[in-house]
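To start, the structure itself, in structure tokens.
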Amino acid sequence: MKKHKLDNLIICKRCHTLHKKIKLHRNTKALCKHCGSVIYRNHHNIIETTLALSISAIIALMVAFSFTIMTININGIYQELNLTALFVVIFEQHFYLMGIMLGFLIFLFPLAILVSIILLLTLMHFRRSGYLVKRLLILTAKLLPWSMIDIFFISILVSMVKLFDYAQIEIGVAFVAFILLLVLDIIINKQMRFNELWRYYESIYGVKNEQS
Ligand SMILES: [Zn+2]
Numbered sequence: 000m001k002k003h004k005l006d007n008l009i010i011c012k013r014c015h016t017l018h019k020k021i022k023l024h025r026n027t028k029a030l031c032k033h034c035g036s037v038i039y040r041n042h043h044n045i046i047e048t049t050l051a052l053s054i055s056a057i058i059a060l061m062v063a064f065s066f067t068i069m070t071i072n073i074n075g076i077y078q079e080l081n082l083t084a085l086f087v088v089i090f091e092q093h094f095y096l097m098g099i100m101l102g103f104l105i106f107l108f109p110l111a112i113l114v115s116i117i118l119l120l121t122l123m124h125f126r127r128s129g130y131l132v133k134r135l136l137i138l139t140a141k142l143l144p145w146s147m148i149d150i151f152f153i154s155i156l157v158s159m160v161k162l163f164d165y166a167q168i169e170i171g172v173a174f175v176a177f178i179l180l181l182v183l184d185i186i187i188n189k190q191m192r193f194n195e196l197w198r199y200y201e202s203i204y205g206v207k208n209e210q211s
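Using numbering that gives the first Met the number 0, you'd call the opening residue of the sequence shown number 0 and step up by one each time.
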């Protein structure tokens, strides 16, 4: 693929001013002349740091789904809430559609996103399989908006606030894992700047891999 002359230009996402791309020094960033927002940066080790964060996030996800989120005590009756049991209850009550949607939005999509990020960055780190990396970059960009784990966590918080009036609540391990997961998720989302990843992709695999 021949380099197009537009490839030397980059647009500011916020104010849509066009800028000419320049080579940045290590750990510096290019700011928009017009509105001052960050357009791109040269982040040293971004692949490795994001990879480490994603592996931590997948561990946090597993813990969040395997252990107790909270124990609710209403007049001496204890009820443990964990997500696997929640799915069993939803299916026992025949809310199949809701169960399937919830399963996809809070577990399968987040898991698929993390797995594809880990695979993608591992391959990029070892400079392997250009074609697969390209596919994974496209897949990850499409999957990212489908993780609704943050919205789900807010709904847990809202129900906790409601329960506080007439129940005692003890926070479990999965609750802490959820918070960790959300923090990691925000950082990973910030790190996964696709225009930069495509630039890395081009610099690692060159243009020869385009057809392979
Ligand atoms: Zn701007």
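All C-beta atoms in this analysis are idealised placements derived from N, C-alpha and C, irrespective of residue type, glycine included.
Reference residue i; option with closest CA among the options
{"i": "His42", "options": "Ser53, Lys28, Cys34", "result": "Lys28"}
{"i": "Glu169", "options": "Ile58, Met61, Ile71, Ile54", "result": "Ile71"}
{"i": "Phe177", "options": "Phe66, Cys34, Tyr39", "result": "Phe66"}
{"i": "Trp197", "options": "Leu135, Ser55, Tyr95, His93", "result": "Leu135"}
{"i": "Asp149", "options": "Phe94, Val132, Asp184", "result": "Asp184"}
{"i": "Arg40", "options": "Leu50, Leu23, Thr139", "result": "Leu23"}
{"i": "Lys133", "options": "Thr48, Leu119, Ser202", "result": "Leu119"}
{"i": "Pro144", "options": "Leu113, Phe174, Val172", "result": "Leu113"}
{"i": "Gln167", "options": "Val157, Ile57, Gly75", "result": "Gly75"}
{"i": "Arg25", "options": "Cys31, Thr16, Asn44, Ser36", "result": "Asn44"}
{"i": "Leu156", "options": "Met69, Cys11, Val87", "result": "Met69"}
{"i": "Thr49", "options": "Ser158, Met97, Thr121", "result": "Thr121"}
Beta-bridge partners of residue i, as assigned by DSSP
{"i": "Val37", "result": "Leu30"}
{"i": "Gln92", "result": "None; Gln92 has no bridge partner."}
{"i": "Asn72", "result": "Tyr77, Gln167"}
{"i": "Ile10", "result": "Leu17"}
Where residue i sits in the DSSP three-state scheme
{"i": "Tyr77", "result": "strand"}
{"i": "Gly129", "result": "helix"}
{"i": "Phe103", "result": "helix"}
{"i": "Asn44", "result": "coil"}
{"i": "His24", "result": "coil"}
{"i": "His124", "result": "helix"}
C-beta contact flag for residue i and residue j at 8 Å
{"i": "Ile57", "j": "Ile105", "result": "no"}
{"i": "Ile21", "j": "Leu30", "result": "no"}
### Task
With a cut-off of 6 Å, give the chain-ordered residues whose Cβ is closer than this to any heavy atom of ligand 1.
Cys11, Arg13, Cys14, Thr16, Cys31, His33, Cys34, Ser36
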